[in-house]
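572 is the number of the first residue of the sequence shown in my numbering; add one for each residue after it. Report on one structure; see the data block that follows.
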Amino acid sequence: MDPSRRDRAVTILDLLEARLDARPDEPLIERLSDGSWQPTTVRQFHDDVIAVAKGLIANEIESGDRVALMCRTRYEWTLLDYAIGAAGATSVPIYESSSPDQIRWICSDAGVKQTIVESRDNQLRAAQAIGHDADIWVIESGLVDTLRDAGAGVCDEEIARRREEVIAADIPATIVYTSGATGRPKGVVLTHGNFVEFAHNIMADQSRTSLNDVFNVPGRRLLLFLPLAHVLARFGQVFSLSGRTALGHCPDLKEMPSLLTTFKPTFVLTVPRMLEKVYDAAEASAGTGFKLRVFRAAAAAAVSFSEAGQTGRPSLPARLRHRVYDRLVYRSLRAAMGGAMRYLAVGGAPLNARLGHFFRGAGFTVLEGYGLTETTGSIFGNSTSRQIIGSVGLALAGVEVKYADDDEILVRGASVFHHYHNNPVATAAAFTADGWFRTGDIGRPDPDGYLHITGRKKDIIVTAGGKNVAPAPLEDEVRSYSLIDQVVVVGDGRKYIGAMVTVARDAIPAWARRHGLPADLTAEVVIRSQAARDAIRDAIRRVNAKVSRAEAIKRIAILATEFTEA
């Protein structure tokens, strides 16, 4: 064994090398080439990481330097992320869709020394943000090969020395910037220990909260399509490469349907909006008339089957009905998802309960979880042995939790971040005096300990009548209707609750066909049609029937434009 390796991993590279020692020739990552997926073994990926890390060192990247990485979800992102860490530096992910102002702020605040982007278009945008004379490296211009060649003269001992510097100085693995919904994005400093100790806890856990069945079983396959700038995707990347999973990348969501059928993942990490799109696409493919009625009946049967199974056993008629619809509808849906899909791990936002029941009833294991950037990803999760739809599950191994008097969720543990970069005021506000991290979310566990989140503390609306209203459940219910895309519930200090909604542009063609209208209608035309306005108002009425009068949405504004950060 290499003398730099340890009995227990300390850095993310140690986690990779533990898998290298155990199964060097096991497929680790698969890459699409000429229409087929070609395996890259653990040994090949590790060698690639070290070669690129040496190239970074040859290009004067020092221990502790910050390297920005702006790229879609592809092999090179994962490779460069590990190589940056192996060189002793800290990666600073930037969303590929970021504006010049966002790029400028992140690079300035983090003190970025080198910026790596995917394409020439990214390079132009980054140059506009940080200066046209900036030296910006471009992946699609042969960067990886250039770095490999440049590092040929760097010795292995230098990589080992860099690792010791990371450990001695506790150099962060990454600085991940939050969305900036409450002001300038804050840089969340995550250490190698945050990832490594969390991985140790998860992999050693054999309890009912364990994720081992998902990540750490031979034959598991993850197709990663979420942006790797998002901590949920990063969580999945590290845990997959540390376990027994083979990882594939999807850089373009338009390619997802074909990649699912060729890669055949056993699980995905996803957000609720993606499942909404899958459901809407399945409904649209049913067309109109009899086939559409069959699909909707099958959807209702899947929901009722899952609901009955959560509290007991479905009745014999329900089981027979489910078997029929499995042949007519669910089997086709599973085939469209690749045919081997077992687990849908969902996070990032609340999952509508009906949607969760639909997918579970259609034959998938739905694992809703909860976490934040500040907690290195998921800290609660439903297990493969038991799932409660509508709950984010139990606290994962190594995570302590308690609840404040106002039901705010407080946590601590190895995965909780240390501080916000350059922001001691925000850091102090994020923790209680005795060291518990304030998540800002409110919720309560059920008698079995499964956490149910009811809203975001800062988002609570207090009406003029003094009623406290959590907008998230209302928005979640309204958003479940296929013609509706985005929803914002308002009403703080007002007499009643209102909502602003936008039209789901990708749902327009199917909706238009069902109403005998041209499929190429624009959103501006759709919102002026009486049929669309009636459909949206009907959706609001159905949501209002589930809540109290004080929480009911009294007024709606239907918008043709999508919401932006501005």
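By construction, the Cβ of each residue, glycine as well, lies at the ideal position given by its N, Cα and C atoms. The model shown is predicted, which means the values in this text are computed figures rather than measured ones.
Nonlocal neighbours in the same chain, by C-beta distance under 8 Å from residue i, ignoring five residues either side
i     : result
T1034 : V1040, G1062, D1063, G1064, R1065, K1066, Y1067, I1068, A1121
I583  : Y653, G656, A744, H763, F766, V767, V809
G858  : R1084
G722  : A622, V623, A624, K625, G626, L627, I628, A629
A770  : A580, L586, V809, F810, S813
R675  : A700, I701
N993  : D680, G758
E736  : S634, G635, G659, I742
E711  : E689, S690, R691
W608  : E601, R602, G819, T833, F834
I1127 : G1069, A1070, M1071, V1072, I1107, R1108, I1111
Other residues of its chain near residue i: CB distance less than 6 Å, five sequence neighbours each side excluded
i     : result
Y941  : F951, V963
F935  : L915
Q685  : V638
K1117 : none
G969  : N772, G984, A985
E1048 : V1114
A1131 : A1094, E1095, I1098
I677  : I665, Y748
Y646  : R602, H820
P1016 : L1022
N953  : L938, E939, G964
V802  : V747, T944, G948
R1076 : A1094
N693  : M641
V972  : A966, V982
Range covered by the alpha helix (DSSP H) that runs through residue i
i     : result
S750  : Looking at the DSSP string, S750 is not in any alpha helix (DSSP H), and its letter there is neither H nor E.
Y646  : 646-657
R734  : 727-740
A705  : First-last for A705: undefined, no H or E at that position.
K1117 : Premise fails: K1117 is in no alpha helix (DSSP H) and is neither H nor E.
P995  : 995-1001
E1046 : 1042-1050
A1131 : Taken as a continuous stretch (DSSP letters only), A1131 belongs to no alpha helix (DSSP H), as it is neither H nor E.
T717  : 714-721
R864  : 860-882
V613  : 613-629
L981  : Not the alpha helix (DSSP H): L981 falls in the beta strand (DSSP E), residues 979-984.
V895  : 887-896
I545  : Nothing can be reported for residue 545: it is not among the residues displayed for the chain, which extend from 572 to 1137.
A1081 : 1079-1085
Residue i - partner residues in DSSP beta bridges
i     : result
Q685  : V638
G758  : Y748
I1127 : A1070
P610  : E601
P743  : T762
I1055 : V1074
V987  : Answer is none; V987 lacks a bridge partner.
N1039 : V1033
V538  : Since the first residue of the chain shown is 572 and the last is 1137, residue 538 is not available in this structure.
Close Cβ partners of residue i (< 7 Å) along its chain, the five nearest in sequence each way excluded
i     : result
V937  : L915, V917, G927, F930, R931, Q958, I960
P610  : P598, E601
T998  : H990, Y991
A1043 : P921, G1026, R1027, D1030
K1125 : Y1067, I1068, G1069
R719  : A622, V623, G626
A1123 : I1068, N1115
A698  : A705, I707
A1090 : P1080, A1083, R1084
Residue i CB to nearest heavy atom of the ligand MN below 8 Å
i    : result
T745 : With respect to the ligand MN, the structure shown offers nothing to examine, as it has no ligands at all.
Continuous beta strand (DSSP E) stretch holding residue i: start and end
i     : result
I600  : 598-604
P664  : 661-665
A593  : A593 -> not in any beta strand (DSSP E); alpha helix (DSSP H) instead, spanning 583-593.
I1098 : Where I1098 is concerned, there is no enclosing beta strand (DSSP E), although the alpha helix (DSSP H) it sits in stretches over 1094-1099.
- Item | 3 or more residues per run - each beta strand (DSSP E) lying fully within the stretch 1005-1030 | 1008-1016, 1022-1027
- Query: Do three or more CB pairs link the stretch 805-825 to the stretch 779-793 at distances below 8 Å?
  - Reply: yes
- Query: For the 8 Å Cβ check, are there 3 or more pairs between the stretch 1103-1115 and the stretch 1038-1054?
  - Reply: yes
- Message: Could you tell me which whole beta strand (DSSP E) segments of length 3 or greater appear in the stretch 901-974?
- Response: 914-917, 936-943, 948-952, 970-974
- Task: Check whether the stretch 616-635 touches the stretch 847-857, counting contact only when three or more Cβ pairs, one atom from each stretch, lie closer than 8 Å.
- Result: no
- Of all the beta strand (DSSP E) runs that stay within the bounds of the stretch 772-855, which reach a length of 3 or more residues? 792-795, 817-820, 838-841
- Query: Just checking, does the stretch 904-914 make contact with the stretch 822-831 on the three C-beta pairs under 8 Å criterion?
  - Reply: yes
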